[in-house]
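**Student:** Input: one structure, supplied below.
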Amino acid sequence: MTRKRRRMAFLAAGLACFALAAALVLAALEDKVTFFYSPSDLAVEPVGPDARIRLGGLVVEGSVARTGDGLTTTFELTDGAASVPVSYTGVLPDLFREGQGIVAAGRLVGGAAGARVPDAVFMADEVLAKHDETYMPPEVAEALVEAGYWREDPPR
Amino acid sequence: MAVDSATAVLEVRDLTCERGGRRLFADLSFALGPGDVLVLRGPNGSGKTSLLRLVAGLLAPAAGRVRWRGRDTRDEPGPWRRAMAFAGHENPVKPALTARENLAFWIGLEGGASVDGALEALGLDGLADLPAAVLSAGQRRRLTLARLAARPGGCWLMDEPEAALDAASAARLADLVAAHRDRGGVTLVATHDGGAFGRVRTLALGGEP
Amino acid sequence: MPSFPHSLASPARFRRLSRRVLPWASALAAGLLGVGLVWALGFAPPDYQQGDTVRVMYIHVPAAWMAMLCYAVMAALSASFLVWKHQLADLAARASAPIGACFTAVALITGSLWGKPTWGAYWVWDARLTSVLALFFLYLGHMALAGAFDDRERGGRAAAILAVVGAVNLPIVKFSVDWWNTLHQPASVLRLDGPAIHGSMLWPLLTMAAGFAAFYVAVLLVRIDGESAARRVEVLTRRRAAGA
Amino acid sequence: MSAFWTLVRRDVTLAVRRGGEAALTLGFFVVTVALFPFGVGPDPALLGRIAAGVVWVTALLAATVSLDRLFRPDLEDGSLDLLALSPLPLEAAVLAKCLAHWLVTGLPVTLLSPLMAAMLRLDGAAHGPLAVSLAVGTPALSLTGGIGAALVLGARRGGALCGLLVLPLFIPVLVFGVSGVEAAQAGLPALPHILIEAAILVAAVPLAAFAGAAALRLALE
Numbered sequence: 004m005t006r007k008r009r010r011m012a013f014l015a016a017g018l019a020c021f022a023l024a025a026a027l028v029l030a031a032l033e034d035k036v037t038f039f040y041s042p043s044d045l046a047v048e049p050v051g052p053d054a055r056i057r058l059g060g061l062v063v064e065g066s067v068a069r070t071g072d073g074l075t076t077t078f079e080l081t082d083g084a085a086s087v088p089v090s091y092t093g094v095l096p097d098l099f100r101e102g103q104g105i106v107a108a109g110r111l112v113g114g115a116a117g118a119r120v121p122d123a124v125f126m127a128d129e130v131l132a133k134h135d136e137t138y139m140p141p142e143v144a145e146a147l148v149e150a151g152y153w154r155e156d157p158p159r
Numbered sequence: 003m004a005v006d007s008a009t010a011v012l013e014v015r016d017l018t019c020e021r022g023g024r025r026l027f028a029d030l031s032f033a034l035g036p037g038d039v040l041v042l043r044g045p046n047g048s049g050k051t052s053l054l055r056l057v058a059g060l061l062a063p064a065a066g067r068v069r070w071r072g073r074d075t076r077d078e079p080g081p082w083r084r085a086m087a088f089a090g091h092e093n094p095v096k097p098a099l100t101a102r103e104n105l106a107f108w109i110g111l112e113g114g115a116s117v118d119g120a121l122e123a124l125g126l127d128g129l130a131d132l133p134a135a136v137l138s139a140g141q142r143r144r145l146t147l148a149r150l151a152a153r154p155g156g157c158w159l160m161d162e163p164e165a166a167l168d169a170a171s172a173a174r175l176a177d178l179v180a181a182h183r184d185r186g187g188v189t190l191v192a193t194h195d196g197g198a199f200g201r202v203r204t205l206a207l208g209g210e211p
Numbered sequence: 116m117p118s119f120p121h122s123l124a125s126p127a128r129f130r131r132l133s134r135r136v137l138p139w140a141s142a143l144a145a146g147l148l149g150v151g152l153v154w155a156l157g158f159a160p161p162d163y164q165q166g167d168t169v170r171v172m173y174i175h176v177p178a179a180w181m182a183m184l185c186y187a188v189m190a191a192l193s194a195s196f197l198v199w200k201h202q203l204a205d206l207a208a209r210a211s212a213p214i215g216a217c218f219t220a221v222a223l224i225t226g227s228l229w230g231k232p233t234w235g236a237y238w239v240w241d242a243r244l245t246s247v248l249a250l251f252f253l254y255l256g257h258m259a260l261a262g263a264f265d266d267r268e269r270g271g272r273a274a275a276i277l278a279v280v281g282a283v284n285l286p287i288v289k290f291s292v293d294w295w296n297t298l299h300q301p302a303s304v305l306r307l308d309g310p311a312i313h314g315s316m317l318w319p320l321l322t323m324a325a326g327f328a329a330f331y332v333a334v335l336l337v338r339i340d341g342e343s344a345a346r347r348v349e350v351l352t353r354r355r356a357a358g359a
Numbered sequence: 448m449s450a451f452w453t454l455v456r457r458d459v460t461l462a463v464r465r466g467g468e469a470a471l472t473l474g475f476f477v478v479t480v481a482l483f484p485f486g487v488g489p490d491p492a493l494l495g496r497i498a499a500g501v502v503w504v505t506a507l508l509a510a511t512v513s514l515d516r517l518f519r520p521d522l523e524d525g526s527l528d529l530l531a532l533s534p535l536p537l538e539a540a541v542l543a544k545c546l547a548h549w550l551v552t553g554l555p556v557t558l559l560s561p562l563m564a565a566m567l568r569l570d571g572a573a574h575g576p577l578a579v580s581l582a583v584g585t586p587a588l589s590l591t592g593g594i595g596a597a598l599v600l601g602a603r604r605g606g607a608l609c610g611l612l613v614l615p616l617f618i619p620v621l622v623f624g625v626s627g628v629e630a631a632q633a634g635l636p637a638l639p640h641i642l643i644e645a646a647i648l649v650a651a652v653p654l655a656a657f658a659g660a661a662a663l664r665l666a667l668e
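Going line by line, the protein sequences match chains A, B, C and D. Take any residue in the first sequence, note its place counting from 1, add 3, and you have its number in our numbering. Take any residue in the second sequence, note its place counting from 1, add 2, and you have its number in our numbering. Take any residue in the third sequence, note its place counting from 1, add 115, and you have its number in our numbering. Take any residue in the fourth sequence, note its place counting from 1, add 447, and you have its number in our numbering.
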């Protein structure tokens with residue numbers, strides 16, 4: 004085999020390997036690799052009480068409450084289909100608002116594995132606010148809401 | 003040189019070598035027929051080792067070609083690699099393996115004749131099952147050269163093969179080369195002692211007359 | 116007397132060109148960055164959600180873009196150097212690496228300063244942040260490898276192989292936010308259905324990005340000049356050793 | 448093909464004879480893992496949580512410490528010249544040497560991992576995924592490591608430099624290796640993570656072959 008022919012054969016083999024790798028990644032992404040769980044995931048899939056997980060979702064409107072000491076915040080986290088009560092002690096990020104997407108890290112306490120018990124609470128030790136890719140001035144956001152194009156209420 | 007392209011086995015044409023931005027030699031041409039021995043001479047740094055490595059295919063030439071039986075050794079390395087045996091400065095001998103295992107590995111990788119015959123040809127048959135770690139420098143050198151003995155009839159490239167060899171072993175090497183040229187083999191050897199190989203042709207590098 | 120083919124000629128021609136381009140690139144960088152900074156920090160509106168914190172974006176996003184662009188340029192130059200052995204490609208790839216490393220560092224630092232107030236954490240091990248950190252390490256490795264050989268040419272080629280191999284990280288950086296559900300937001304500007312960013316913020320952002328790009332070109336030209344001088348010193352040193 | 452296996456067999460034989468390189472790597476792995484309970488305390492819950500990461504990082508270091516010996520001895524005694532000149536393509540020779548490296552480092556580490564996992568009180572359900580993730584991930588470490596080892600041949604301070612080059616390339620393997628085990632710990636399927644590891648492994652084969660061979664040719668010039 005000449006050098007050129009061999010080079011072409013190697014190239015073909017290399018490309019075949021990369022194609023196989025791409026196929027494997029696609030197969031893997033079918034079963035989403037998530038950075039966090041959604042409340043519905045928790046309803047369906049069992050999570051051990053010791054497992055520290057990240058839970059992502061939107062803060063339910065009107066659910067945010069502060070307890071007596073003022074440091075602990077409780078709120079509901081929803082993905083539209085299911086919701087989970089969350090309790091967090093500490094300073095919240097600026098972007099934490101009702102209706103905002105957040106990611107909370109911590110443990111599910113009081114819920115038996117697999118079956119969601121109504122009194123299960125997600126005890127968060129870290130709350131991260133996930134912001135989306137949209138940027139605009141406040142006036143524009145208000146105008147969009149007035150025109151009925153915008154999905155969330157603007158911040159007050 | 004004397005051999006024309008029709009009878010040439012190994013043909014080197016207009017070879018130019020540059021190392022580290024420095025030109026070692028330029029437009030070097032020669033042709034070797036069956037049984038030819040070419041001795042490379044020249045002072046340190048004149049490019050003897052570089053020429054051997056260029057012909058072997060370890061270095062890329064700045065210009066020029068090398069042909070083996072009419073085929074370019076870079077475009078079509080297959081036939082050349084099966085025919086050629088290279089013995090450089092170092093001894094590719096693993097101390098943890100026995101002499102036989104060392105040789106058997108290279109013959110298994112490169113192809114070639116029997117391991118035992120090659121060991122015998124260099125007088126190593128009595129040491130075959132000793133770990134190479136206990137071999138002397140001269141014995142290791144012989145083990146390296148035994149690889150060539152296992153590939154008769156092709157092209158041998160040797161860089162100072164007589165290094166660390168005693169008189170008896172050097173004579174054995176001379177016999178080996180003689181047998182090789184009788185079978186129509188070609189030899190390129192960089193050495194300071196070309197007299198041992200009988201009637202040879204000489205190529206002087208580095209401006210030596 | 117040994118000769119030195121094509122070792123000096125091409126960089127010399129490039130130097131004449133670069134001397135002409137450099138003042139323009141520098142002036143453009145200074146102008147765009149000046150206008151962009153005043154615009155971004157003084158006149159661009161606050162974000163409807165993040166308020167004034169969003170102004171970190173005007174540094175963070177262009178720096179992150181340049182971090183990737185620099186690597187892409189470096190990998191392309193390295194590949195062409197390995198194929199065609201053109202000296203200028205080697206010089207430019209070497210010159211690119213430290214600039215790219217600086218852009219990456221700026222993107223990482225501003226990102227963590229932005230992350231604290233908005234997300235609530237300076238650093239999160241999500242796919243985007245982790246792959247950009249790997250990009251930073253790749254730049255460092257490239258620089259270390261290029262300088263670790265006694266023979267410059269050899270260092271350049273080893274580093275070029277590394278740069279080409281490391282290029283597999285680029286799509287991971289770019290698409291990590293789409294493939295994985297990360298904390299980092301998806302792309303705002305470079306997306307198929309148009310930017311998700313209001314014009315009053317997009318234009319200062321693009322001005323800053325253009326300023327960063329012009330800055331890159333200017334610094335690159337200066338650094339190529341330096342690399343080429345270092346190369347000439349080595350060639351001359353070798354020539355002297357050979358002549359002696 | 449037989450030349451390929453000849454090379455693999457020689458490298459494994461050398462590693463075994465050279466003071467039992469496999470045993471040394473394994474010893475390094477076991478001792479380092481055993482240090483963690485001393486460092487972080489014997490709390491089973493804490494150990495169980497970090498077990499996957501500890502085993503993976505240690506396996507990664509075990510693979511790295513022996514990388515410098517992958518090509519250097521062959522370069523120094525001229526064996527690499529002959530490998531480059533043999534009828535076996537240099538690309539295949541690189542793969543053979545990486546395979547041999549995995550057989551004496553990654554494979555023993557994988558086989559021993561259930562024991563280490565038990566020592567660190569890893570959740571029993573995660574033992575299998577840990578072994579599988581190591582089995583798929585450590586060959587990728589040997590391959591990417593091979594690129595680094597080939598690149599630093601002839602460089603000053605090659606050993607330390609090799610670590611700097613190789614460790615960032617290891618990050619994806621580490622991330623998915625550990626995340627698969629953590630998914631299993633949380634009762635989720637580990638398969639997607641393992642599949643991504645497998646994708647990295649498959650992509651690393653041609654990458655290591657081409658880049659490794661190019662780097663070796665450079666070192667031989």
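Here a beta-carbon is modelled for each residue, glycine too, at the ideal position from N, C-alpha and C.
Would you mind sorting A:K7 into buried or exposed? The rule is 16 or more other CB atoms within 10 Å of its CB.
**Tutor:** Along the first sequence, one-based indexing puts residue 7 of chain A at 4. Flag for A:K7 reads exposed.
**Student:** Would you check if the distance between the CB atom of C:A127 and the CB atom of D:P615 is smaller than 9 Å?
**Tutor:** For the purposes of this step, residue 127 of chain C is taken as residue 12 along the third sequence, with counting starting at 1. For the purposes of this step, residue 615 of chain D is taken as residue 168 along the fourth sequence, with counting starting at 1. Not in contact: C:A127 and D:P615 (Cβ atoms no closer than 9 Å).
**Student:** Please compile the residues from chain A whose C-beta is within a distance smaller than 8 Å of the C-beta of B:R83.
**Tutor:** Counting from one through the second sequence, the residue named residue 83 of chain B turns up at place 81. The premise fails here: B:R83 is roughly 11 Å from chain A at the closest Cβ pair, so nothing lies under 8 Å.
**Student:** Pick helix, strand or coil for B:W82, following the three-state DSSP scheme.
**Tutor:** Here residue 82 of chain B corresponds to residue number 80 of the second sequence, with the count starting at 1. B:W82 falls in the helix class under three-state DSSP.
**Student:** Beta carbon of B:A165, beta carbon of B:R143: below 9 Å?
**Tutor:** The sequence position of residue 165 of chain B within the second sequence is 163, counting from 1. The sequence position of residue 143 of chain B within the second sequence is 141, counting from 1. Yes; because the gap between Cβ atoms is below 9 Å, this pair is in contact.
**Student:** If the cut is a Cβ gap below 9 Å, which residues of chain D does A:F13 touch?
**Tutor:** Taking the first residue of the first sequence as 1, we reach residue 13 of chain A at position 10. Those are P536, E538, P653, A656 and F657, listed as they occur along chain D.
**Student:** Would you say A:M139 faces chain C, with C-beta separation under 9 Å as the test?
**Tutor:** Position 136 of the first sequence, counted from the first residue, corresponds to residue 139 of chain A. So yes, A:M139 belongs to the interface.
**Student:** From the DSSP output, read off the bridge partner residues of A:S90.
**Tutor:** Locating residue 90 of chain A in the first sequence gives position 87, counting from the first residue. Per DSSP, A:T77 and A:M126.
**Student:** Whose C-beta lies closer than 6 Å to the C-beta of B:T146 among residues of the same chain, with five residues either side of it excluded?
**Tutor:** Walking along the second sequence from the start, residue 146 of chain B turns up at place 144. Around B:T146: A89 and N93.
**Student:** Between A:R10 and chain C, is the shortest Cβ-Cβ distance under 9 Å, so that the two count as touching?
**Tutor:** As a first step, residue 10 of chain A must be located in the first sequence, where it is residue number 7. Not an interface residue.
**Student:** Pull up the CB-CB distance for C:S211 and C:L335, whole angstroms please, since I reckon it's below 8 Å.
**Tutor:** Along the third sequence, one-based indexing puts residue 211 of chain C at 96. Along the third sequence, one-based indexing puts residue 335 of chain C at 220. With 8 Å as the limit, C:S211 and C:L335 qualify as a contact, their Cβ atoms being about 6 Å apart.
**Student:** Which two residues bound the contiguous alpha helix (DSSP H) that contains C:M181?
**Tutor:** Working through the third sequence from its first residue, we reach residue 181 of chain C at position 66. M172 to W199 is the extent of the alpha helix (DSSP H) around C:M181.
**Student:** Just the Cα atoms here: how many angstroms apart are D:L529 and D:A543?
**Tutor:** Residue numbering aside, residue 529 of chain D sits at position 82 when the fourth sequence is read from its first letter. Residue numbering aside, residue 543 of chain D sits at position 96 when the fourth sequence is read from its first letter. About 15 Å.
**Student:** If you reduce the DSSP assignment to three classes, tell me which class A:P157 lands in.
**Tutor:** For the purposes of this step, residue 157 of chain A is taken as residue 154 along the first sequence, with counting starting at 1. The predicted model places A:P157 with a pLDDT of 42, which falls under 50 and marks its position as unreliable, so this point remains unresolved.
**Student:** Residues in the same chain with beta-carbon distance under 6 Å from D:L546, minus the five sequence neighbours each way, listed in chain order, please.
**Tutor:** Numbered from its first residue, the fourth sequence carries residue 546 of chain D at position 99. Excluding sequence neighbours, D:L546 sits near V455.
**Student:** With 8 Å as the limit, tell me which residues of the region 67 to 97 of chain B have their beta carbon closer than that to any beta carbon of chain A; keep them in chain order.
**Tutor:** From the region 67 to 97 of chain B, only R76, D77, E78, P79 and G80 have a Cβ closer than 8 Å to chain A.
**Student:** Please name the residues in the region 153 to 187 of chain C whose beta-carbon is closer than 9 Å to at least one beta-carbon of chain A, in chain order.
**Tutor:** Listed by position along the chain: A159, P160, P161, D162, Y163, Q164, Q165, G166, T168, V169 and M172.
**Student:** Which two residues bound the contiguous alpha helix (DSSP H) that contains B:R25?
**Tutor:** By one-based count along the second sequence, residue 25 of chain B stands at place 23. First-last for B:R25: R24 to L34, but that is the beta strand (DSSP E), not the alpha helix (DSSP H).
**Student:** Does D:R519 come within less than 9 Å of chain C when only Cβ atoms are used?
**Tutor:** Residue 519 of chain D sits at position 72 when you count from the first residue of the fourth sequence. Not one chain C Cβ lies under 9 Å of D:R519.
**Student:** Applying the 10 Å Cβ sphere with the 16-neighbour rule, what's the burial state of D:L482?
**Tutor:** Position 35 of the fourth sequence, counting from 1, holds the residue named residue 482 of chain D. D:L482 should be labelled exposed.
**Student:** Quick one, which residues of the region 299 to 325 of chain C are near chain A if we go by CB-CB under 7 Å, in chain order?
**Tutor:** Within the region 299 to 325 of chain C, the residues whose Cβ lies closer than 7 Å to some Cβ of chain A are Q300, P301, A302, S303, A311, I312, H313, S315 and M316, listed in chain order.
**Student:** Could you check what DSSP says for B:E217 in three-state terms: helix, strand or coil?
**Tutor:** In the structure as shown, chain B begins at 3 and stops at 211. Residue 217 of chain B is therefore absent and cannot be evaluated.
**Student:** Determine the closest residue to B:S138 out of B:V202, B:A65 and B:D168, with distance taken between C-alpha atoms.
**Tutor:** Along the second sequence, read from residue 1 onward, the residue named residue 138 of chain B stands at position 136. Ranking the options by Cα distance to B:S138, first place goes to B:D168.
**Student:** Measure the alpha-carbon distance for A:D97 versus C:G230 and round it to whole angstroms.
**Tutor:** Position 94 of the first sequence, counting from 1, holds the residue named residue 97 of chain A. Position 115 of the third sequence, counting from 1, holds the residue named residue 230 of chain C. Approximately 10 Å, taken between the alpha carbons.
**Student:** If we ignore side chains and look at the alpha-carbon of each, how far apart do C:A178 and C:P138 end up?
**Tutor:** In the third sequence, residue 178 of chain C corresponds to position 63, counting from 1. In the third sequence, residue 138 of chain C corresponds to position 23, counting from 1. C-alpha separation (whole angstroms): 22 Å.
**Student:** Whole angstroms are fine: how far does the CA of C:R347 sit from the CA of C:R130?
**Tutor:** In the third sequence, counting from the first residue as 1, residue 130 of chain C sits at position 15. In the third sequence, counting from the first residue as 1, residue 347 of chain C sits at position 232. Looking at the two C-alpha atoms, the distance is approximately 13 Å.
**Student:** Would B:A206 be called buried (16 or more neighbouring beta carbons within 10 Å of its own) or exposed?
**Tutor:** By 1-based counting over the second sequence, the position of residue 206 of chain B is 204. Classification for B:A206: exposed.
**Student:** Quick check: what's the CA-CA separation for C:W240 versus D:S626?
**Tutor:** Reading the third sequence from its first residue, position 125 is the one you call residue 240 of chain C. Reading the fourth sequence from its first residue, position 179 is the one you call residue 626 of chain D. Distance between the alpha carbons of C:W240 and D:S626: 12 Å.
**Student:** Would you kindly report the start and end of the unbroken beta strand (DSSP E) that includes B:V188?
**Tutor:** The count along the second sequence starts at 1 and reaches residue 188 of chain B at position 186. Here the beta strand (DSSP E) through B:V188 covers V188 to A192.
**Student:** Kindly give me the distance between the Cβ atoms of C:A282 and C:A190, rounded to whole angstroms, as I take these residues to be in contact under 8 Å.
**Tutor:** Looking up residue 282 of chain C in the third sequence gives position 167. Looking up residue 190 of chain C in the third sequence gives position 75. At roughly 4 Å, the Cβ-Cβ gap stays under 8 Å, so C:A282 and C:A190 are in contact.
**Student:** Would the beta-carbon of C:D167 fall within 9 Å of that of C:R272?
**Tutor:** Translated into positions along the third sequence, residue 167 of chain C becomes position 52. Translated into positions along the third sequence, residue 272 of chain C becomes position 157. Cβ atoms of C:D167 and C:R272: not closer than 9 Å.
**Student:** Are the beta-carbon atoms belonging to C:A172 and A:Y138 less than 9 Å from one another?
**Tutor:** Taking the first residue of the third sequence as position 1, residue 172 of chain C is located at position 57. Taking the first residue of the first sequence as position 1, residue 138 of chain A is located at position 135. Residue 172 of chain C is actually Met in this sequence, not Ala. Going by C-beta atoms, C:M172 is nearer than 9 Å to A:Y138.
**Student:** Beta carbon of D:L461, beta carbon of B:A98: below 9 Å?
**Tutor:** Here the question's residue 461 of chain D lines up with position 14 in the fourth sequence. Here the question's residue 98 of chain B lines up with position 96 in the second sequence. Yes. Within cutoff.
**Student:** Output yes or no for whether 9 Å exceeds the beta carbon distance between C:F218 and D:L611.
**Tutor:** In the third sequence, residue 218 of chain C corresponds to position 103, counting from 1. In the fourth sequence, residue 611 of chain D corresponds to position 164, counting from 1. No. Outside cutoff.
**Student:** Please classify C:Y163: does DSSP put it in a helix, a strand, or coil?
**Tutor:** Looking up residue 163 of chain C in the third sequence gives position 48. Residue state, collapsed to three classes: coil.
**Student:** With burial defined as no fewer than 16 other Cβ atoms inside 10 Å of the residue's Cβ, what is the status of D:H640: buried or exposed?
**Tutor:** Taking the first residue of the fourth sequence as 1, we reach residue 640 of chain D at position 193. With 16 or more other Cβ atoms within 10 Å, it is buried.
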